[in-house]
Amino acid sequence: EDAYKIRIRIDDEPANLDILDTAGQAEFTAMRDQYMRAGEGFIICYSIADRRSFHEVREFKQLIYRVRRTDDTPVVLVGNKSDLTQLRQVSKEEGSALAREFNCPFFETSAAYRYYIDDVFHALVREIRRKEKEAVMAMEKRSKPKSSVWKRLKSPFRRKKDSVT
20 EDAYKIRIRI
30 DDEPANLDIL
40 DTAGQAEFTA
50 MRDQYMRAGE
60 GFIICYSIAD
70 RRSFHEVREF
80 KQLIYRVRRT
90 DDTPVVLVGN
100 KSDLTQLRQV
110 SKEEGSALAR
120 EFNCPFFETS
130 AAYRYYIDDV
140 FHALVREIRR
150 KEKEAVMAME
160 KRSKPKSSVW
170 KRLKSPFRRK
180 KDSVT
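In the numbering used here, the protein residues as written are 20 to 184.
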């Protein structure tokens, strides 16, 4: 596992990224669970040249769900090693279909050539920000009474004004 901290600007807003690269290790460790509980979003990668790694994506997604106890955690799915087209075992369509199932963005990248790497991190930050805004809006909606119901509750016996004819 490698850890990195970087500060970048996305959509003219600063973003602090704490990145834990697990390098495909799916072992259950206390430290990894702690990172997963604290993490605001996750990038799940597989190799387009390794079908087994594609099948392990579901395990990682389930691990995130078990640790966080929510299916609403921001995730970006990444098919890596797009430069190895001659060794491809997982089609772009399969990756895209899985991303639709997870309801998350999908990218094919090449870490070796840095193709679309920044786009992946930008997409994750945007997903995190979108989910945060949705959560705030949902809380505000729950805390505000419906105006028509509120008016009726406030004065249920109020007389109607006489109409002028």
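Each residue gets a CB set at the ideal place from its N, CA and C atoms; glycine is no exception.
With a beta-carbon spacing of about 4 Å, alanine 118 and leucine 96 fall inside the 8 Å limit used to define contacts. With contacts defined by Cβ atoms closer than 8 Å, isoleucine 67 and serine 101 form a contacting pair.
Residue ranges of uninterrupted alpha helix (DSSP H) with 4 or more members are absent from the stretch 113-137; none lies entirely inside it. Ranked by how close their Cα comes to the Cα of glutamate 59, the residues Ala34, Asp31, Ala157, Thr92 have Thr92 in first place. When the Cα atoms are used, isoleucine 27 and arginine 51 turn out to be separated by approximately 24 Å. Cβ contact annotation for aspartate 21 (same chain, cutoff 7 Å, sequence separation greater than five): Asp40, in chain order. Sequence-distant partners of arginine 56 (beyond 5 residues in either direction) whose C-beta falls short of 8 Å from its own C-beta, in its chain, are Val86, Arg87. Residue environment analysis places valine 155 among the exposed positions, since fewer than 16 neighbouring C-beta atoms fall within 10 angstroms of its C-beta. By the 16-neighbour rule on beta-carbons within 10 angstroms, threonine 89 is exposed. In terms of Cα proximity to serine 110, the closest of Lys80, His74, Leu143, Ala142 is His74.
Between isoleucine 136 and isoleucine 38, the alpha-carbon positions lie close to 13 Å from each other. Under DSSP, the beta-bridge partners assigned to phenylalanine 61 are Val94. In the displayed model, lysine 111 falls within a helix according to three-state DSSP. Within a 10 Å sphere around the beta-carbon of proline 33 sit fewer than 16 other beta-carbons, which makes this residue exposed. With 16 or more other CB atoms across the displayed protein chains lying within 10 angstroms of its CB, isoleucine 83 is buried.
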